[in-house]
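Chains as they are written, first to last, in my numbering: chain H, 1 to 79; chain X, 80 to 665.
Where a beta carbon is used, it is the ideal one built from N, C-alpha and C, also for glycine.
All remarks here apply to the structure that follows.
The structure is reproduced here in structure tokens:
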């Protein structure tokens, strides 16, 4: 199945060829967790503060579903 | 040497140095501006009349040696925009220089009898008044340049642009940055107009030879400072090359968009298709590619170790503006359907020059677009509104009065304000806790008053579901109280992020305050002290005529569903009323 991956801010350093806000489409097996996908992408666990799936907060152990929009977010705040 | 208060009477053109009375001696920053406003300003007075005042106060630790990121200056008065109490604080040079002169606060009162404009020069020898007719009509870039030429010690310049001269409700107060340029603003609530009423175009502060800040307990101060500095430098958000340093506050654009909470086209949607183009990442990319003076590693005041500011260059690498904050990029960008960062930069420069709050200015343009005056996305048209304001045309003055006046002018129902002040860059229907803050803070819709975004979106200081109403009243109050304390301290609010996650940093912040002031303060006292400030402000507003009916979000947010989550504002009024019920119970 296919999922869309997005990374922002300091995490873009690990996927440097991805345009800002652009998705990376990857193929994963059913049952793959969001944390396993993070590992596949080479994103360090201690740099991922928040994971969102389809615009909602998600947990590392959640299983990805076909067509999910998954976003890995480092420490951010400001305003 | 005990600190003094300078009272400046513009009717007599006299300045007097007063001892700090016992009742105010505990306070600094926002705590002091609000205490003085409560004691000296009639809550029912007209904000533009003779009985309002401007109070300027650095924080507890501001100006102390190497307290990290602690250069804030608080400005207080009765707001022409909200009709309630206002504290707006700013970075820039002023706080440290006022503090190093041994000044606890400057109270600016009265109105010149001759209707002339003045500048005020303050140094270790006293206060001088000078007629400032030559500065009248100038924007802040020119004012700052002229005054740095005139006063060679690179003083702080607190000033107002044309908006303040015209007494517009969206006039902010400018503070110059280490390069001597405007861009640091006590922006919200129209205090620039209140300064204009006093006939003061600029206040120049030269701290050369000043006594410096006294430290009551140097060992305790150093211990606290060390813990706080370590927390800031350790946290992924605030460390060197961390989120704030690398991308500025605009690091949030893509994230809030991803959460479906980015107000778009006057709060009609929660996602903007052009978010990536105006994001902090895009800003950093332009800065790197264009070269020249551009940098993301810029501090708004000496001694800042977070350095979230930046200098954004034009295509030739020449300076265009410092700084494009997230709120600004959103207000003049996504909220107006504009996805061109260079136009946002140009409009930001206009705001800095004319002396306008960017959040209110962007909202005013957005409601005019909703009312059909301009098309959403019309960047040329949006930029031209600033020419109108600068010239003081009737249309420009309407825009300069802020969002509510502009919305009425163009017959708009979707008016994103609370207590007359426009909302910042977080959709309360999609992020409920920040909606509670907007509704209930004494300041009018304001994110910095109680930044629940930290746990609701960023996973900082815990993690809660942004779409859930549960416990958001309590969450907002806790953040409002902690913020009120930090606003007294002179520390930048952004130290809150590392110390919410790192307990040693929280303790260190309180210890550094205790070390400078000699007060017995620990991390456990922060919320209680913050609530004392909130109580004063709340009671001022009640005396000014505010009731719980003013603690509500606009009706359209209960009626209209916000995509992509298709949610409405559903918080019960009774829950909102709980946030400040304690004021009459304690």
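- If you ignore the 5 residues before and after residue 230 (chain X), its C-beta comes within less than 8 Å of the C-beta of 200, 283, 285, all in its own chain and listed in chain order.
- Look at residue 14 (chain H) here: in three-state DSSP terms it is helix.
- Residue 572 (chain X) places its beta carbon 9 Å or farther from that of residue 515 (chain X).
- Pairwise C-beta distances place the stretch 611-628 of chain X out of contact with the stretch 346-354 of chain X, as fewer than three of them are shorter than 8 Å.
- The beta carbon of residue 383 (chain X) sits closer than 6 Å to those of 148, all from its chain and outside the five residues before and after it, given in chain order.
- Interface flag for residue 253 (chain X) against chain H is unset, since no Cβ pair is found closer than 9 Å.
- Residues are counted here when their Cβ sits less than 9 Å from a Cβ of chain H; for the stretch 382-394 of chain X these are 387, given in chain order.
- Under DSSP, residue 530 (chain X) forms no beta bridge with any residue.
- At a C-beta separation below 9 Å, residue 316 (chain X) has these neighbours in chain H: 49, 74, 75, 76, 77, 78.
- DSSP places residue 168 (chain X) in the strand class (E or B) of the three-state scheme.
- Neighbours of residue 189 (chain X) in chain H, taken as residues whose beta carbon is under 7 Å from its own, are absent, since the nearest beta carbon is some 36 Å off.
- Contact between residue 502 (chain X) and residue 279 (chain X) is ruled out by a C-beta separation of about 30 Å, above the 8 Å threshold.
- Of the residues assessed, residue 125 (chain X) falls on the exposed side of the cut-off, its CB having fewer than 16 other CB atoms within 10 angstroms.
- At a cut-off of 9 Å between C-beta atoms, residue 646 (chain X) does not count as an interface residue with respect to chain H.
- By the criterion of at least three beta-carbon pairs nearer than 8 Å, the stretch 9-19 of chain H is in contact with the stretch 318-326 of chain X.
- Fewer than three pairs of CB atoms, one per stretch, sit closer than 8 Å, so the stretch 391-407 of chain X makes no contact with the stretch 44-51 of chain H.
- Going by DSSP, residue 110 (chain X) is part of no beta strand (DSSP E) but of the alpha helix (DSSP H) stretching over 108-119.
- Taking 9 Å as the cut-off, the beta carbon of residue 567 (chain X) is found closer than this to the beta carbon of residue 108 (chain X).
- Following the DSSP letters along the chain, one finds residue 565 (chain X) inside the alpha helix (DSSP H) bounded by residues 551-568.
- Secondary structure at residue 623 (chain X): coil, using DSSP grouped into helix, strand and coil.
- Residue 80 (chain X) counts as exposed, since fewer than 16 other C-beta atoms from the protein chains shown sit within 10 angstroms of its C-beta.
- Against chain H, the beta carbon of residue 330 (chain X) has neighbours under 7 Å at 9, 76, 78, listed in chain order.
- Cβ-Cβ separation between residue 601 (chain X) and residue 582 (chain X): approximately 12 Å, too far for a contact (criterion under 8 Å).
- The C-alpha of residue 575 (chain X) is placed about 12 Å away from the C-alpha of residue 586 (chain X).
- Beyond the five residues adjoining it in sequence on each side, residue 212 (chain X) comes within less than 8 Å, by CB distance, of 195, 196 in the same chain, given in chain order.
- Collapsing the DSSP output to three states places residue 460 (chain X) in a helix.
- Shortest Cα-Cα distance from residue 237 (chain X) to any of X:228, X:428, X:256 involves X:256.
- Residue state for residue 473 (chain X) is assigned as helix, using DSSP reduced to three classes.
- By the Cβ test, the stretch 544-558 of chain X is not in contact with the stretch 64-78 of chain H, since fewer than three Cβ pairs between them sit closer than 8 Å.
- Rounded to whole angstroms, the gap between the alpha carbons of residue 624 (chain X) and residue 630 (chain X) is 12 Å.
- Assignment of residue 348 (chain X) by DSSP, reduced to helix, strand and coil, places it in the strand class.
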